[in-house]
Amino acid sequence: MVKTIKKRNLKKEREHYIKRMSAYAAVIVVVVVGLGFGLSSTGFFVSDNPATSNSPSSSLAKCLTANGVEMYGTSTCPACQTQKANFGDSFEYINYIECGPDGNPELCVEKGIEAIPTWIINGQTYVGILSAEKLAELSGCN
187 MVKTIKKRNL KKEREHYIKR MSAYAAVIVV VVVGLGFGLS STGFFVSDNP ATSNSPSSSL
247 AKCLTANGVE MYGTSTCPAC QTQKANFGDS FEYINYIECG PDGNPELCVE KGIEAIPTWI
307 INGQTYVGIL SAEKLAELSG CN
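In this text, residue positions in the sequence shown follow our numbering: the first is 187, and each later residue adds one.
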């Protein structure tokens, strides 16, 4: 009889524990979802103001192209996608060469592109994601 009581108590404790953990999990989910919506509505995750033709990134992108700056990358390269995203809609003004099979891989080989993203600025090669400030400094687009 004592074993039966202990089993019942263990079962009740287990059920109580599961209910309590389920309640905690539900609260955590609500908080996380609420934070996600709150941050996205403030523009924390997504820019509400993509670069326009008059924005500073647009001016920089146009200046880079006017100064002969080229970016080499591929559509499947995460770092390349990050670099593109840094310019927002203004990336359309960047002289971008696609090195993937759907682009111009021969030109990339000819230019000696070994890693991506690669920027060629004033005849010098720079590999990796470059900040707008660094691009402006290297290209003379201050």
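Idealized CB from N, CA, C, for every residue including glycine. As the structure is a computational prediction, the values presented were derived from the model and not from experiment.
| Check | Outcome |
| --- | --- |
| Looking only at its own chain, which residues have a Cβ that is under 6 Å from the Cβ of Thr251, when we skip the five neighbours before and after it? | Tyr279, Asn281 |
| To which residues does DSSP link Ile299 through a beta bridge? | Looking at the DSSP assignment, Ile299 forms no beta bridge with any residue, so it has no partner. |
| On the DSSP bridge assignment, give the partners of Asp259 in chain order. | First, the amino acid is wrong: residue 259 is Gly here, not Asp. Glu284, per the DSSP bridge assignment. |
| Quick one: give me the first and last residue of the beta strand (DSSP E) that Ile307 is part of. | 304 to 307 |
| Is there contact between the segment 292 to 308 and the segment 262 to 274, where contact requires at least three CB pairs shorter than 8 Å? | yes |
| Hey, would you say Ile307 sits closer than 7 Å to Leu293, going by beta carbons? | no |
| Based on Cα-Cα distance, which residue from Thr311, Asp288, Glu296, Asn272 lies nearest to Glu319? | Asn272 |
| Please return the same chain residues whose Cβ sits closer than 7 Å to the Cβ of Leu316, not counting the five positions on each side in sequence. | Trp305 |
| Please determine, among Ala247, Val255, Lys270, Tyr203, the residue with the shortest C-alpha to C-alpha distance to Thr311. | Val255 |
| The alpha helix (DSSP H) that contains Cys249, what's its start and end? | 242 to 252 |
| Alpha carbon to alpha carbon, how far is Ile299 from Gly314? Give it in angstroms, no decimals. | 12 Å |
| Just list the residues that DSSP pairs Gln310 with in beta bridges. | Ile307 |
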